[in-house]
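See below for the structure under consideration.
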Amino acid sequence: MGLFSLPASTGSVLTLILVNIVLSVSFLRSVLVFLFRLLRPHPPSEPSLVDRFRSRFDAVARSSTDCRICLVQFELGSVVNRLACGHLFHRSCLETWVDYMRATCPLCRADILEGRGLLN
Numbered sequence: 001m002g003l004f005s006l007p008a009s010t011g012s013v014l015t016l017i018l019v020n021i022v023l024s025v026s027f028l029r030s031v032l033v034f035l036f037r038l039l040r041p042h043p044p045s046e047p048s049l050v051d052r053f054r055s056r057f058d059a060v061a062r063s064s065t066d067c068r069i070c071l072v073q074f075e076l077g078s079v080v081n082r083l084a085c086g087h088l089f090h091r092s093c094l095e096t097w098v099d100y101m102r103a104t105c106p107l108c109r110a111d112i113l114e115g116r117g118l119l120n
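Under UniProt numbering, the very last position in the sequence shown is 120; numbers go up by exactly one each time.
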């Protein structure tokens with residue numbers, strides 16, 4: 001008995017070999033694509049909204065009024081930003097606002113990154 005009692009079918013052996021070759025080629029292709037993506041130079045990433053915000057704003061110091069984001073009164077020498085619409089905010093509060101993908105004034109919704117809302 002043993003293995004010799006099984007019917008010999010050369011068609012299934014050829015199919016098995018063909019499937020193994022296709023799987024091996026597919027695996028090698030996946031490895032090569034992974035290595036190519038890993039080794040290729042990455043293009044410089046686009047600056048974030050906070051980076052664009054920082055590059056376009058002048059910080060001013062104020063001693064009166066309060067930040068309408070955190071509702072805390074400005075202290076003497078605190079760093080605040082004034083938008084072109086005239087609204088004042090702590091720099092960190094406004095950067096957090098912009099970091100949440102909101103490129104508008106928190107009060108009047110004027111665009112602050114496209115030139116219409118910036119103080120030039």
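Each residue gets a CB set at the ideal place from its N, CA and C atoms; glycine is no exception. These figures come from a predicted structure and were not determined experimentally.
Within the region 29 to 107, the runs of alpha helix (DSSP H) that reach at least 4 residues and sit entirely inside it are, in chain order, 49 to 56, 91 to 99. The criterion of a C-beta distance shorter than 7 Å is not satisfied by leucine 107 and arginine 52. With 16 or more other Cβ atoms inside 10 Å of its own Cβ, asparagine 81 counts as buried.
Scanning its chain for C-beta atoms nearer than 7 Å, with the 5 sequence neighbours on each side dropped, one finds around arginine 68 the residues His87, Phe89, Pro106, Leu107, in chain order.
Phenylalanine 57 counts as buried, since no fewer than 16 other beta carbons sit within 10 angstroms of its beta carbon.
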